[in-house]
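> Residue numbers (the numbering used here): 576 to 755.
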Amino acid sequence: MQPVTAADLGTTWRPECPVQPEQLRRVDLPYRGFDGQIHRGALVVHEELVADVIAIFDDLLRLGYPVEKMRTVDQYPDADDEASMEDNNTSAFNCRRIPGSDEWSLHAYGRAIDINTLINPCLYVSGYFEPRNAADYLDRNRTDPGLIHPGDPAERAFTDRGWQWGGYWKTPDYQHFEHA
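1) Can you list, in chain order, the stretches of the beta strand (DSSP E) that have 3 or more residues and sit fully within the segment 680-707?
2) Suppose you measure from the CA of threonine 580 to the CA of valine 620; what does that come to, to the nearest Å?
3) Note down, one range per segment and in chain order, each beta strand (DSSP E) of at least 3 residues found wholly within the segment 613-654.
4) Do you know offhand how far valine 700's Cα is from threonine 586's?
5) Going by other Cβ atoms of all chains shown within 10 Å of its Cβ, with 16 needed for buried, is aspartate 735 buried or exposed?
6) Over the uninterrupted alpha helix (DSSP H) stretch that includes glutamate 753, give me the two end residues.
7) Which term fits alanine 732, buried or exposed, when burial requires 16 or more other beta carbons within 10 angstroms of its beta carbon?
8) For tyrosine 640, which residues of its own chain have a beta-carbon under 6 Å away from its beta-carbon, when the five flanking residues on both sides are left out?
9) When we look at the beta-carbon of glutamate 591 and count the other beta-carbons within 10 Å, is it buried (16 or more) or exposed?
10) Are there three or more Cβ pairs, one per stretch, closer than 8 Å when the segment 595-614 is compared with the segment 632-651?
11) Aspartate 603 lies in the beta strand (DSSP E); which residues open and close that run?
12) For the alpha helix (DSSP H) containing serine 676, list its first residue and its last residue.
13) Out of Ile613, Asp653, Gln598, point me to the one whose CA is closest to leucine 636's CA.
The structure is reproduced here in structure tokens:
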């Protein structure tokens with residue numbers, strides 16, 4: 576776990592963001608990839624959530640829950656959330672607003688994590704979904720490794736620690752976990 580600076584955050588942070596870089600931490604984490612091997616990735620989260628995030632990802636690793644990749648969103652041109660999601664990337668901090676809203680996303684505070692974003696899409700009332708290439712994964716009866724389902728061990732690794740899962744929302748966001 577290490578502090579971050581504005582320079583470390585790249586295009587994921589700008590001065591109008593609702594959180595300062597000093598309130599964020601980069602957490603390097605081991606995870607089991609889709610190839611079955613152990614990899615290391617990084618998430619940037621609010622300093623208050625570091626212990627939770629380490630414990631959650633320790634649980635996911637122990638459970639054998641696969642994560643395809645885990646990169647900070649600044650690894651994508653212009654911190655493009657859609658590009659990160661289309662790549663099935665697991666990420667946390669990104670200073671952005673809720674799509675279609677003037678409100679800051681909890682990602683802008685480092686208080687939300689999106690997991691295996693391609694295979695766990697976000698749905699909207701209009702029928703629109705993100706990422707754009709996720710149509711095959713709208714069927715939640717699928718059992719592909721890395722899909723999150725209600726009550727499964729991956730979901731419980733978060734919710735047992737007080738996090739909320741977007742999969743229970745009226746318009747589900749299956750990739751999204753948050754801790755306000």
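Note that CB positions come from ideal geometry on N, CA and C, so glycine has one too. As the structure is a computational prediction, the values presented were derived from the model and not from experiment.
Short version:
1) Entirely contained in the segment 680-707, the beta strand (DSSP E) runs reaching 3 residues are, in chain order, 687-689.
2) In the sequence shown, counting from the first residue as 1, residue 580 sits at position 5. In the sequence shown, counting from the first residue as 1, residue 620 sits at position 45. So the alpha carbons of these two residues sit roughly 13 Å apart.
3) 613-621
4) In the sequence shown, the residue the question calls residue 700 occupies position 125. In the sequence shown, the residue the question calls residue 586 occupies position 11. About 30 Å.
5) As a position in the sequence shown, residue 735 is number 160, starting the count at 1. Exposed is the call here.
6) Working through the sequence shown from its first residue, we reach residue 753 at position 178. Run containing glutamate 753: none in the alpha helix (DSSP H); it sits in the beta strand (DSSP E), 751-753.
7) Start at 1 with the first residue of the sequence shown, and residue 732 comes out as number 157. With 16 or more other Cβ atoms within 10 Å, it is buried.
8) Start at 1 with the first residue of the sequence shown, and residue 640 comes out as number 65. These residues qualify, in order along the chain: Ala729.
9) The count along the sequence shown starts at 1 and reaches residue 591 at position 16. Glutamate 591 comes out exposed.
10) yes
11) The residue you call residue 603 lines up with position 28 of the sequence shown. Residues 599-607.
12) Counting from 1 along the sequence shown, the entry for residue 676 is found at position 101. No alpha helix (DSSP H) holds serine 676; DSSP gives it neither H nor E.
13) Within the sequence shown, numbered from 1, the residue matching residue 636 stands at position 61. Out of Ile613, Asp653, Gln598, the CA that lies nearest to the CA of leucine 636 is found in Ile613.
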